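Visitor:
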Amino acid sequence: MAEVLADLVILSNGPGELSTWVRPVLQGLMMRPQFSRVSILLSPCPHAGGNEQTVAATFPGVDRVLGPEQFFPFLLSGKTPDAWKWHRQGVVVFLGGDQFYAVAIGKRLGYRIVTYAEWTPRWLPWIDHCGVAQSQILKKVPRRYRSKVTVVGNLMTDIQPSANSVSFLDQLGWPPGTEIVGLLPGSKPAKLRVGVPFCLGVADQLQQYRPQTQFIIPVAPGLSLATLSRYADSSDNPLISNYLGNTATVVQPDQGLPYLSTPQGTKVWLWLPNPTYDLLVHCQICLTTVGANTAELTALMVPMMVILPTQHLAGAPIGDGLLGLVARLPFVGEVINRYILPPGFKAWPNIWADQEIVPEWVGPLSPKSVAQYLQTVLASSSRLQAIQLSLRDVRGEVGAVSRFAQLVSATLAEEMPFEEYMTQNSP
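Counting along the sequence shown from 1, when you hit position 350 you're at 350 in the working numbering, and nothing is skipped either side.
Here you go:
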C-alpha cells in the first residue's frame, strides 16, 4: 500500500522552549513514525539568543526550519522563501510563542491543531486538542470545551539522561564521587556578559575553600567556544575587571575537554555535547541564572543555587511589554532592573512549589558571598539530599512527553481515513 504523507508543523520561539518542550516532544513523536515531514516554525521572541534556527535544525527528524525573520511574512501570506510544499494532511503543534499563531497557521494549511498550555489554554473553539500541565487548569475551562483538554503533565520536568551518562566521567578520568559544581551562566549575550565573569569569580573563591572541587560549564546549544571566550576576555567584556581582574584564557589540550583557566589558575571545564543531561546528573550542585535551565535541573533532581545579580542588569531586563522596553535603556534601565523587578519567585521549582525550595538570591551579589554559601551547602550532604527530595516532589510524575506525543498522534488519526491510519500503524 502507498505511504501515507502527513506534515508535522511545530510552532515555537525561544531557547528554553526548544530545549525543554520541542526536543523531548520530537523524541517522543519519533517513536510514532506517522509523519513523513517535520517542520519547525520560530516566531520572534524577545528572549531569543539568535541561534534558535541553527539549534532547531540539529534536532533529529527535523527536515526544515523557518527562522523568526521569515515568520510573519509566512503568517500573513502563507509563503516561504524556499516555496515550501505541504501535504494534504498534517497537525500543527504549539510549543511556544502565541497560541493564536497555531490557530492562524492551522487554518491556513487546513491541518488539525494541538496546543500545550502550562497555565491557560486559549482559542479552544478553534483548536482540536490541548494538553495541559496540571489538573487544576481544567477549572478554568468552560464545560463545553473540556472534552478538548487533556492533562498530560509538565513537559519541562520529563527529561532524562541517557543510559550511558557515566561516559562523561570516563572522558575526564574522574572517579565516581568526584565533587562537581556546574556553572550555568546563560545562553544570551546580556546574561553571558554578567554570568561568565561572575561564575568564574565564584569558582576562584570556592576553589580556595574546596580545592578538590571540579568546575564545569555546559556550553549552551549554538554557542561556540570562540564566542564564550569573548565574555571571559577583559578586552571584550569590561565586567571581567569586576570579578577576575584579568582575562581567563581558553585552553584546548590534545586530549580531553577544553577549559577556561582563570588568572588564579582555576580550571573551569567546558562541556560541548548537547543535551547536557548526562553531565548535569553528576553535579553535586549547579550555580545557575534564571531560565529554562532551572526546569531542566528540577527534572534531573540536581540541587541548584539560582542567582540574579542586579548590579549589571541594564540591557538585560526581566520584564516584558512597555516596562521591558524602557528597561533596555542605559541608566534608566539599570534603575528599573535593580529596584522594580517583578515580584515573586524567578526559578521554576520555586514557582511551581510556591515556596523557596532551592536558594534564590536576587540583588547586588558578590562571588565571595555566593561561594561562601555554596561551601556551606556542599559541606552538608543532608542539605543536598533535602533539596533533591523537594525537587522530586515538585517534579511530579514523569511521562508527560509520552502522553502529549500520543495526543498529537491521535489527533492525526482523527483526520485520516481508517484505511490510511491502519496502513500507517500496521506492524
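Even glycine gets a Cβ: it sits at the ideal position worked out from N, Cα and C.
Predicted, not measured: the structure shown is a model, and the values here were computed from it.
1. Under the assumption that residue 48 contacts residue 13 (Cβ atoms under 8 Å), give the Cβ distance between them as a whole number of angstroms.
2. At what residue ranges does the stretch 9-54 contain a whole run of the beta strand (DSSP E), taking only runs of 3 or more?
3. For residue 410, name the three-state secondary structure that DSSP assigns.
4. Using only CA atoms, which one of 206, 187, 237 lies nearest to residue 266?
5. Using the C-alpha atoms, what's the distance from residue 134 back to residue 372?
6. Between the beta-carbon of residue 401 and the beta-carbon of residue 81, is there less than 8 Å?
7. Looking at the secondary structure, which residues open and close the beta strand (DSSP E) in which residue 182 lies?
8. Exposed or buried, which one is residue 489 when buried takes at least 16 other CB atoms within 10 Å?
9. Measure how close the beta-carbons of residue 111 and residue 92 come, nearest whole angstrom, since I'm counting them as under 8 Å.
10. Using DSSP's beta-bridge definition, name the partner residues of residue 218.
11. Report the rounded CA-to-CA distance for residue 304 versus residue 407, giving the unit in angstroms.
12. Could you please give the first and the last residue of the uninterrupted beta strand (DSSP E) stretch that includes residue 370?
13. Would you call the CB atoms of residue 263 and residue 244 closer than 8 Å?
14. So, at 8 Å on beta carbons, what are the nonlocal neighbours of residue 237 in its own chain, with the 5 sequence-adjacent residues on each side left out?
15. Can at least three beta-carbon pairs, one atom from the stretch 116-126 and one from the stretch 141-161, be found at a separation below 8 Å?
16. In the DSSP output, which residue or residues are listed as bridge partners for residue 64?
17. Between residue 152 and residue 20, what straight-line distance do the alpha-carbon atoms span, to the nearest angstrom?
18. Going by CA-CA distance only, name the one from 409, 38, 348 that's closest to residue 298.
19. Output needed for residue 54: all residues of its chain with C-beta closer than 8 Å, excluding positions within five of it in sequence on either side, in chain order.
Guide: Judging by the given coordinates:
1. 7 Å
2. 37-42
3. helix
4. 206
5. 38 Å
6. no
7. 180-184
8. Because residue 489 is not part of the residues shown, which for the chain are 1 to 427, the question remains open.
9. 5 Å
10. 271
11. 33 Å
12. It is not in any beta strand (DSSP E) - residue 370 instead sits in the alpha helix (DSSP H) that spans 367-378.
13. yes
14. 193, 196, 197, 230, 231
15. yes
16. 39
17. 15 Å
18. 348
19. 222
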